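A.B. asks: Could you have a look at this structure, given as structure tokens, before my questions?
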Amino acid sequence: MSFLPLKERSFTVKIMSEKIYKLLQQGKRIDERTPYEFRKITMQTNVVEKANGSALVSVGSTRILTGIKVELGTPYSDRPNEGVFSVNAELLPLASKSFEPGPPDERGIELARVVDRCIREGKAIDLEKLCIIPGKLVYILYIDIYVLDYDGNYFDPSVISAMAALATCTIPKYSATGERVEGEYMRVPIRDVPLSSTIGIIKDKLLVDPCLVEENSLDTSIVVCMDSASNVVAIQKNSPGHIPLSLMESIINVAEEQISRIRTQFKEVIGIEKEGREHC
Amino acid sequence: MSFLPLKERSFTVKIMSEKIYKLLQQGKRIDERTPYEFRKITMQTNVVEKANGSALVSVGSTRILTGIKVELGTPYSDRPNEGVFSVNAELLPLASKSFEPGPPDERGIELARVVDRCIREGKAIDLEKLCIIPGKLVYILYIDIYVLDYDGNYFDPSVISAMAALATCTIPKYSATGERVEGEYMRVPIRDVPLSSTIGIIKDKLLVDPCLVEENSLDTSIVVCMDSASNVVAIQKNSPGHIPLSLMESIINVAEEQISRIRTQFKEVIGIEKEGREHC
Amino acid sequence: MSFLPLKERSFTVKIMSEKIYKLLQQGKRIDERTPYEFRKITMQTNVVEKANGSALVSVGSTRILTGIKVELGTPYSDRPNEGVFSVNAELLPLASKSFEPGPPDERGIELARVVDRCIREGKAIDLEKLCIIPGKLVYILYIDIYVLDYDGNYFDPSVISAMAALATCTIPKYSATGERVEGEYMRVPIRDVPLSSTIGIIKDKLLVDPCLVEENSLDTSIVVCMDSASNVVAIQKNSPGHIPLSLMESIINVAEEQISRIRTQFKEVIGIEKEGREHC
Amino acid sequence: MTQVIKPKLIDENGRRLDGRGPTDLRPMKIEVSVLEKSDGSAYVELGKTKVYAAVYGPKEAHPKHLAIPDRAILNCRYHMTSFSTDERKILGMTRREIELSKVIREALESVVFLEEFPRSAIDVFIEVVQADGGTRTAGLTAASLALADAGIPMRGLIAAVAVGKVDGTIILDPSDIEDKYGEADMPIGIAPGSNTIVLLQLNGKMTKDEFKQGLELAQMGIQKIYQAQREALRRKYGASVTEV
Amino acid sequence: MTQVIKPKLIDENGRRLDGRGPTDLRPMKIEVSVLEKSDGSAYVELGKTKVYAAVYGPKEAHPKHLAIPDRAILNCRYHMTSFSTDERKILGMTRREIELSKVIREALESVVFLEEFPRSAIDVFIEVVQADGGTRTAGLTAASLALADAGIPMRGLIAAVAVGKVDGTIILDPSDIEDKYGEADMPIGIAPGSNTIVLLQLNGKMTKDEFKQGLELAQMGIQKIYQAQREALRRKYGASVTEV
Amino acid sequence: MTQVIKPKLIDENGRRLDGRGPTDLRPMKIEVSVLEKSDGSAYVELGKTKVYAAVYGPKEAHPKHLAIPDRAILNCRYHMTSFSTDERKILGMTRREIELSKVIREALESVVFLEEFPRSAIDVFIEVVQADGGTRTAGLTAASLALADAGIPMRGLIAAVAVGKVDGTIILDPSDIEDKYGEADMPIGIAPGSNTIVLLQLNGKMTKDEFKQGLELAQMGIQKIYQAQREALRRKYGASVTEV
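Protein sequence lines, in the order shown, are assigned to chains L, U, Y, C, V and F.
Quick note: the first sequence, position 129, residue 128 per numbering that gives the first Met the number 0, numbers continuous.
Quick note: the second sequence, position 216, residue 215 per numbering that gives the first Met the number 0, numbers continuous.
Quick note: the third sequence, position 245, residue 244 per numbering that gives the first Met the number 0, numbers continuous.
Quick note: the fourth sequence, position 93, residue 92 per numbering that gives the first Met the number 0, numbers continuous.
Quick note: the fifth sequence, position 233, residue 232 per numbering that gives the first Met the number 0, numbers continuous.
Quick note: the sixth sequence, position 155, residue 154 per numbering that gives the first Met the number 0, numbers continuous.
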């Protein structure tokens with residue numbers, strides 16, 4: 000059963016919505032940004048030594064920690080030559096008074112599934128290189144995302160942190176006969192770095208990377224994920240409300256531009272090795 | 000913890016109970032039926048092509064959908080020569096404002112277990128014919144019952160729909176060595192068609208197939224299951240209240256008569272093949 | 000999420016606490032005991048024939064039933080030569096109006112884990128003798144504790160009943176090749192009998208084995224577990240409140256004395272066989 | 000992996016595996032007020048079947064939105080310890096325990112004057128310490144005594160027993176092995192004061208005649224259990240309870 | 000353990016596996032008021048995809064602390080029967096069902112006048128009886144009809160359909176096999192009255208142009224579904240519903 | 000499947016695996032106000048052990064029937080990320096996490112003036128990002144700072160540390176490997192202002208003398224941690240906090 004979250008579109012919210020809209024008309028935001036401007040993005044990797052890969056990414060005050068644990072297991076029977084990955088996300092109650100302790104609710108599940116689709120459909124990982132013995136032994140990557148501090152927009156930094164953790168993830172090497180090659184490690188074979196941009200909509204205006212106050216006052220919002228060739232690889236309208244059909248083209252174009260900027264920073268900070276990475 | 004359902008035996012219920020009793024004294028019911036008359040029963044099979052067997056059965060407005068999925072697995076260690084079946088029932092929240100979403104509550108569990116006992120003790124299935132390799136490989140039948148619309152008496156149509164889905168269930172054929180016989184299918188080996196009749200009791204009067212308004216106004220009720228030789232194979236007093244010992248003989252006789260009538264319709268509509276079916 | 004139990008430290012509790020403290024100053028208790036005096040302890044074993052071992056232990060009105068079921072299984076990979084045991088505890092709702100039906104809450108989990116640590120760190124069982132085939136086949140002991148009646152202090156009788164059930168537990172014998180030695184049974188190899196003493200604290204005074212009224216009025220309390228050589232093997236401060244550092248030495252000494260007395264009774268009643276039991 | 004062979008359950012002299020005749024109850028032990036902290040409690044032993052019941056209430060219904068304006072709600076939990084059965088029972092409630100909690104609760108609702116305690120709750124907890132057949136009926140027998148022990152007004156006690164069919168014979172009070180290898184098991188709860196059935200289940204195959212015979216045999220057994228219940232109350236409360 | 004070979008999804012004549020052209024919908028069947036006990040209900044069939052929806056409410060929010068002072072809460076459960084899919088679905092809600100419940104609920108919230116029913120709750124239940132692609136869009140289509148059938152005031156109906164990309168071609172209303180082996184699946188829900196998107200997801204890879212093309216194809220399909228919705232309402236309620 | 004060999008934990012020079020002497024703490028990093036959205040927060044690092052704590056409240060208790068008339072309820076969740084440990088931790092709360100949540104909560108209850116906030120709730124969330132021994136004590140240390148950072152009135156801070164026994168020696172602040180292969184682990188939480196113990200557990204075997212020695216060593220370590228806590232508060236709030 001999917002319950003409506005207790006976000007009340009009360010009178011004050013409507014006033015804030017009106018205020019944000021008026022600022023947008025002047026090309027402004029409540030926090031001094033322009034409509035198509037992300038908050039400051041920081042990316043730190045290898046922050047948890049016990050994880051095979053990890054990244055702490057912040058977008059403004061929103062902070063996401065992703066860790067990856069690698070285990071060995073059997074492949075899916077219809078994909079005998081491919082490794083496996085699984086994404087989980089928890090909206091920690093530390094991060095916001097609106098997050099409850101307990102198993103992931105619909106928001107955490109949605110976040111995990113959108114990040115999963117972004118990685119999967121964006122062909123981020125060369126899964127065949129994560130196969131050790133076809134049909135028998137493959138690497139399993141558990142990509143676990145934790146929202147530590149939540150000031151709006153947990154989708155985009157989650158995708159970044161998942162990709163940053165993947166791009167710096169180290170896994171023990173196994174021979175084709177399934178034996179551990181003592182002391183040797185390999186990187187996760189990255190094929191592409193799909194990224195996302197969340198677009199907020201008020202009436203006919205768009206903004207990117209909504210902060211929490213904006214998020215609560217939007218008409219609606221949409222997450223667009225693209226690969227490095229600007230293919231759309233995942234979309235999620237992730238809140239109630241209408242998107243005028245006439246806005247869709249602008250939404251895609253704005254997302255493309257934002258993602259391209261984030262990708263530039265990602266390349267600079269994470270410094271992906273070229274080998275085996277075709278697009279990034 | 001078994002909580003009392005929130006059925007309030009309020010003043011209006013008592014008035015309705017009195018009214019139903021007075022009608023029964025005149026051989027009548029609130030919906031024009033006689034006391035020992037079922038509502039119209041309809042049976043449709045193969046309504047879900049992705050299931051191995053399925054049946055949609057209605058008794059008046061009460062509508063039950065049963066689907067069967069067949070898988071391969073290992074037998075129970077104390078029954079190495081027998082296939083396995085398992086019954087589950089869900090009172091879907093679509094069906095009634097008194098059904099909640101979530102895992103089956105005590106009513107759903109009771110329904111599943113009574114249908115299970117009716118099939119099991121009524122020897123409906125020749126389980127030995129569902130064994131492929133003794134001790135190793137057998138068919139497992141998942142019989143899943145969904146109450147789609149609930150206007151009283153979900154027991155009797157559930158038993159009918161489970162038996163109708165079983166009687167029309169098609170399963171892939173395997174050789175005695177455990178290999179799939181390509182393209183060949185077999186029927187579930189039906190030995191008998193046990194059926195049930197739910198009897199409502201008000202004071203010293205009986206009625207069959209209570210509709211929802213009656214169900215809420217009965218003193219109590221009882222489900223009687225019989226095989227084709229009129230053996231009693233399962234009984235469940237399924238609501239609070241007293242049954243005078245003096246009524247038990249009539250209850251059994253009324254149930255026998257009803258079940259016999261339903262069986263006649265079952266034979267006509269479902270058209271069970273004779274082979275391997277001894278009683279029906 | 001660990002919720003504060005609904006124990007209200009209301010005005011009346013403060014009065015009772017004051018009263019208990021005044022009595023302690025005079026060397027007295029509300030139930031006629033002296034501060035360092037347990038309620039009457041009774042121990043009955045083999046009360047459940049279907050269990051491999053069982054014991055019903057009461058301390059005053061607090062009554063604990065422990066049963067042990069023995070199964071075969073595989074050892075932990077880092078302990079290939081050792082059998083396995085697992086402790087579970089349920090605070091049955093029969094026992095107290097403050098216990099709820101449902102899976103163990105934090106109190107039941109704490110009880111189970113403290114008893115587990117007491118047995119494990121007190122080296123109560125010679126786990127190597129519970130190994131049948133190293134790395135492959137070992138005995139698994141499920142030690143399940145049920146609180147049947149709760150008048151304060153469930154820790155100490157739980158430890159006693161777990162140890163009494165272990166000391167009288169009978170397990171089917173298997174040869175080193177993993178075959179059942181028909182008709183032969185062996186005892187669980189007991190190495191030591193660790194026991195516990197719960198100490199209540201009000202201001203600068205101590206008392207042992209608090210009854211329920213006392214428990215609700217204490218400043219705090221602590222469970223001390225010792226082996227037969229008076230080593231401390233487990234400690235748990237098990238309620239809110241302060242323990243002055245200056246009291247810790249007395250606490251340990253009082254616990255040692257109590258445990259020694261309980262051990263004497265344990266030896267008399269349970270009558271542990273000497274063989275393979277070094278300390279008791 | 001071997002197919003289990005059904006043992007002979009009734010010998011040539013008509014004796015059952017434990018020496019009983021077909022119409023014999025197992026040795027019975029019934030006590031009330033056995034648990035100090037509950038408002039009422041009882042213990043019932045029938046052979047190796049051992050069951051506790053405890054009652055809390057009437058008390059405020061909690062959470063409040065579950066309260067019913069014109070009567071008490073009655074909650075019931077039938078639960079078995081993990082070591083009560085031959086195979087270790089999993090922790091937590093099985094589907095079987097949930098079903099039995101329902102039928103036992105409905106039986107108890109039939110006799111408790113719930114309307115005397117509007118907006119209240121009465122909790123009944125049954126704990127099966129050892130299960131050797133007939134645990135739901137022993138549990139119901141104990142629960143009705145625990146309610147009486149708690150002073151909760153009732154139309155009368157409930158006494159319950161199972162009958163079975165083994166090797167073609169209708170028997171009273173089947174043990175676990177008779178239940179397992181027998182042809183039918185029929186637990187019955189009766190309010191002896193009103194001669195009415197409050198719990199009835201059947202699992203197995205009986206002809207209509209056998210069913211009738213089973214029902215009569217159950218009534219006989221229930222009279223004996225009812226006497227034992229009354230004696231247990233009398234031992235605790237003296238002669239004043241004869242009218243229960 | 001064999002790697003599954005992707006079948007050819009569009010033949011040399013541009014026909015799909017089931018004979019459709021790229022822009023064809025599957026045969027459709029839409030009915031309202033199909034379940035008697037709910038306040039509103041609908042049934043939608045699109046090829047082998049079969050979905051029921053039922054609505055209860057507006058009613059008192061329960062438990063009360065979930066109520067919102069100035070509008071109704073809308074609850075939604077998208078659920079599949081265990082036998083609706085090729086592989087048996089586990090009982091209980093999967094993560095997929097929880098996500099789809101959320102996006103469908105959010106789409107419905109966009110059109111229901113929730114503020115007309117303060118402190119109330121409206122429950123929407125979708126049951127997928129058979130899943131052959133497009134179940135969330137069929138479910139949303141059915142749910143919006145069930146809300147109308149329940150007389151709940153809305154800005155307008157929602158019609159929904161998926162588009163996909165298979166063998167490089169943008170297609171309308173992909174079946175299960177086209178979804179499984181195709182390159183992209185994009186479910187879209189539109190409120191035709193206002194020409195706005197209320198549900199949009201994409202799973203797969205599309206160029207910006209393909210995305211635009213898909214969006215246009217979806218609008219075409221949605222017009223047909225919307226007509227079928229209006230006809231279904233008209234069959235039940237007569238001409239009065241044309242303005243929905 | 001190989002029996003793991005216990006490594007030598009203290010070398011001939013009395014040095015531990017990471018080079019520390021028996022009475023040395025690991026390098027420490029303590030910060031407050033590290034998470035923007037909570038009412039108070041803190042971060043504690045002790046070697047590789049990394050822990051966040053956040054506090055929400057005082058706020059209305061929810062649901063209301065959990066409220067206590069004459070004081071606040073304090074809720075506490077100690078939780079570890081799945082990748083914080085050598086083996087991946089399962090998602091959801093383990094029994095260990097539930098127990099530690101209880102003992103940490105009880106320690107905090109000992110110092111918070113709960114009676115100042117009747118019918119309220121204070122939530123404390125501890126997240127272990129990396130676990131290398133001493134996570135519950137680091138979590139308690141951080142939680143008490145987060146409460147102070149949230150401005151919640153307290154009798155004083157709590158500082159906590161574990162002591163252990165390895166290779167027969169009593170050591171301060173055991174790491175994970177020392178805990179795993181050592182003979183005993185004793186986490187201790189102290190309210191330095193009142194010289195009282197608020198958290199105490201022992202897991203392992205110690206003589207009475209060793210226990211006493213451990214308690215003294217813990218007090219020494221706790222003084223250092225307490226100083227670091229006060230400095231962290233001072234860095235954030237200036238000299239005004241010296242009296243905490």
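All residues carry an ideal CB built from backbone N, CA and C; glycine is no exception.
From a predicted model like this one, the values you see are computed outputs, not experimental measurements.
For the structure I just gave you, are there three or more beta carbon pairs, one from the stretch 113–133 of chain C and one from the stretch 73–83 of chain C, closer than 8 Å?
C.D. replies: Yes, the stretch 113–133 of chain C touches the stretch 73–83 of chain C.
A.B. asks: By DSSP, does residue 187 (chain C) sit in helix, in strand, or in coil?
C.D. replies: Here residue 187 (chain C) refers to the residue found at position 188 of the fourth sequence. Note: residue 187 (chain C) maps to strand in three-state DSSP.
A.B. asks: Using a Cβ cut-off of 8 Å, pull out every chain V residue sitting near residue 102 (chain U), in sequence order please.
C.D. replies: Translated into the one-based positions of the second sequence, residue 102 (chain U) becomes position 103. Correct list: 90, 91.
A.B. asks: Quick one: list the residues of chain V neighbouring residue 177 (chain U), beta-carbon separation under 8 Å, in chain order.
C.D. replies: By 1-based counting over the second sequence, the position of residue 177 (chain U) is 178. Under the 8 Å cutoff, chain V gives no residues; its nearest Cβ is about 16 Å from residue 177 (chain U).
A.B. asks: What's the C-alpha gap between residue 49 (chain Y) and residue 133 (chain C)?
C.D. replies: Numbered from 1 along the third sequence, position 50 holds the residue referred to as residue 49 (chain Y). Numbered from 1 along the fourth sequence, position 134 holds the residue referred to as residue 133 (chain C). Approximately 16 Å between the Cα atoms of the pair.
A.B. asks: Suppose contacts are defined by Cβ-Cβ distances below 7 Å. Is residue 197 (chain V) in contact with residue 143 (chain V) by that definition?
C.D. replies: Residue 197 (chain V) sits at position 198 when you count from the first residue of the fifth sequence. Residue 143 (chain V) sits at position 144 when you count from the first residue of the fifth sequence. Cβ atoms of residue 197 (chain V) and residue 143 (chain V): not closer than 7 Å.
A.B. asks: Enumerated in chain order, which unbroken segments of the beta strand (DSSP E) with a length of 3 residues or greater are wholly contained in the stretch 93–175 of chain U?
C.D. replies: If we require 3 residues or more, the beta strand (DSSP E) runs fully inside the stretch 93–175 of chain U come out as 130–132, 136–148, 169–173.
A.B. asks: Given that a residue counts as buried once 16 or more other Cβ atoms are within 10 Å of its Cβ, and exposed if not, what is residue 241 (chain Y)?
C.D. replies: Indexing the third sequence from 1 puts residue 241 (chain Y) at position 242. Buried is the call here.
A.B. asks: Is residue 108 (chain Y) near residue 94 (chain F), with beta carbons less than 7 Å apart?
C.D. replies: The residue labelled residue 108 (chain Y) in the question sits at position 109 within the third sequence. The residue labelled residue 94 (chain F) in the question sits at position 95 within the sixth sequence. Taking 7 Å as the Cβ cut-off, residue 108 (chain Y) and residue 94 (chain F) qualify as a contacting pair.
A.B. asks: Using 8 Å for Cβ pairs, my map puts residue 139 (chain Y) next to residue 72 (chain Y). What's the rounded Cβ distance?
C.D. replies: By 1-based counting over the third sequence, the position of residue 139 (chain Y) is 140. By 1-based counting over the third sequence, the position of residue 72 (chain Y) is 73. Sure, about 4 Å apart at Cβ, within 8 Å.
A.B. asks: By alpha-carbon positions, which one of F:178, F:166, F:192, F:135 ends up nearest to residue 249 (chain F)?
C.D. replies: Here chain F comprises residues numbered 0 to 243, so residue 249 (chain F) is not present and cannot be evaluated.
A.B. asks: What is the rounded straight-line gap between the Cα of residue 0 (chain V) and the Cα of residue 133 (chain L)?
C.D. replies: Within the fifth sequence, residue 0 (chain V) is the residue found at index 1, counting from 1. Within the first sequence, residue 133 (chain L) is the residue found at index 134, counting from 1. In this prediction, residue 0 (chain V) scores a pLDDT of 44, lower than 50, which makes its location untrustworthy; the coordinate-derived value is nonetheless stated afterwards. So the two alpha carbons sit approximately 10 Å from each other.
A.B. asks: Look at the alpha carbon of residue 17 (chain L) and the alpha carbon of residue 221 (chain L), and state the distance between them as a whole number of angstroms.
C.D. replies: Reading the first sequence from its first residue, position 18 is the one you call residue 17 (chain L). Reading the first sequence from its first residue, position 222 is the one you call residue 221 (chain L). Roughly 20 Å between the two C-alpha positions.
A.B. asks: So if I threshold CB-CB distances at 8 Å, which residues from the stretch 210–233 of chain F count as touching chain Y?
C.D. replies: Listed in sequence order: 210, 211, 214, 218.
A.B. asks: List, from N- to C-terminal side, the alpha helix (DSSP H) runs of 4 residues or more that fit wholly inside the stretch 112–159 of chain F.
C.D. replies: As far as the stretch 112–159 of chain F is concerned, its whole alpha helix (DSSP H) runs of at least 4 residues are 134–148.
A.B. asks: For the structure I just gave you, are there three or more beta carbon pairs, one from the stretch 42–49 of chain V and one from the stretch 100–115 of chain V, closer than 8 Å?
C.D. replies: Short answer: they don't touch.
A.B. asks: Determine the extent of the alpha helix (DSSP H) in which residue 24 (chain L) is found, giving its start and end residues.
C.D. replies: By 1-based counting over the first sequence, the position of residue 24 (chain L) is 25. Per DSSP, residue 24 (chain L) belongs to the alpha helix (DSSP H) from 10–24.
A.B. asks: Would you call residue 68 (chain F) buried or exposed, if buried means 16 or more other Cβ atoms sit within 10 Å of its Cβ?
C.D. replies: Here the question's residue 68 (chain F) lines up with position 69 in the sixth sequence. It counts as exposed.
A.B. asks: Please list, in chain order, all residues of the same chain as residue 28 (chain Y) whose beta carbon is under 7 Å from its beta carbon, the five residues on each side excluded.
C.D. replies: Position 29 of the third sequence, counted from the first residue, corresponds to residue 28 (chain Y). Excluding residues within five positions, the ones whose Cβ falls inside 7 Å are 22, 34, 206.
A.B. asks: Under 7 Å between beta-carbons, which chain U residues line up against residue 206 (chain C)? List them in chain order, please.
C.D. replies: The residue you call residue 206 (chain C) lines up with position 207 of the fourth sequence. Chain U residues near residue 206 (chain C): 230.
A.B. asks: May I have the straight-line CA-CA distance separating residue 62 (chain U) from residue 148 (chain L), to the nearest angstrom?
C.D. replies: Position 63 of the second sequence, counted from the start, is the residue given in the question as residue 62 (chain U). Position 149 of the first sequence, counted from the start, is the residue given in the question as residue 148 (chain L). About 49 Å.
A.B. asks: Which class does residue 177 (chain C) belong to by DSSP, given the choice of helix, strand or coil?
C.D. replies: Along the fourth sequence, read from residue 1 onward, the residue named residue 177 (chain C) stands at position 178. In the structure shown, residue 177 (chain C) sits in a helix (DSSP, three-state: H, G or I).
A.B. asks: Alpha helix (DSSP H) containing residue 104 (chain V): first to last residue?
C.D. replies: Numbered from its first residue, the fifth sequence carries residue 104 (chain V) at position 105. 94–108 is the span of the alpha helix (DSSP H), which, as asked, contains residue 104 (chain V).
A.B. asks: Taking the Cβ atom as the reference point for each residue, do residue 144 (chain Y) and residue 88 (chain Y) lie within a distance shorter than 7 Å?
C.D. replies: Counting from one through the third sequence, the residue named residue 144 (chain Y) turns up at place 145. Counting from one through the third sequence, the residue named residue 88 (chain Y) turns up at place 89. Cβ distance < 7 Å, so residue 144 (chain Y) and residue 88 (chain Y) count as in contact.
A.B. asks: For the stretch 20–38 of chain V, enumerate the residues whose C-beta is nearer than 7 Å to any C-beta of chain L, in chain order.
C.D. replies: Within the stretch 20–38 of chain V, no residue has a Cβ that lies closer than 7 Å to any Cβ of chain L.
A.B. asks: So which residues on chain C does residue 150 (chain Y) lean against when the C-beta distance must stay under 7 Å?
C.D. replies: Position 151 of the third sequence holds residue 150 (chain Y). 35, 36, listed in chain order.
A.B. asks: Quick one: what's got a C-beta closer than 8 Å to residue 272 (chain Y)'s C-beta in the same chain, skipping five residues either side?
C.D. replies: As a first step, residue 272 (chain Y) must be located in the third sequence, where it is residue number 273. Bear in mind that the predicted position of residue 272 (chain Y) carries a pLDDT of just 49, short of 50, making it unreliable; the figure below should be weighed with that in mind. So the list reads 186, once near-sequence residues are dropped.
A.B. asks: Taking all protein chains shown into account, decide if residue 152 (chain Y) is buried (16 or more other Cβ within 10 angstroms of its Cβ) or exposed.
C.D. replies: The count along the third sequence starts at 1 and reaches residue 152 (chain Y) at position 153. Under this definition residue 152 (chain Y) is a buried residue.
A.B. asks: Just to confirm before moving on: does the CB-CB distance between residue 123 (chain L) and residue 193 (chain L) stay below 7 Å?
C.D. replies: Translated into positions along the first sequence, residue 123 (chain L) becomes position 124. Translated into positions along the first sequence, residue 193 (chain L) becomes position 194. Contact flag set, yes.
A.B. asks: Across which residues does DSSP place residue 225 (chain Y) in a beta bridge pair?
C.D. replies: Indexing the third sequence from 1 puts residue 225 (chain Y) at position 226. Y:194, Y:231.
A.B. asks: Kindly confirm or deny that the stretch 214–221 of chain C and the stretch 154–170 of chain C touch, where touching means at least three C-beta pairs closer than 8 Å.
C.D. replies: Counting Cβ pairs under 8 Å, three or more are found: they touch.
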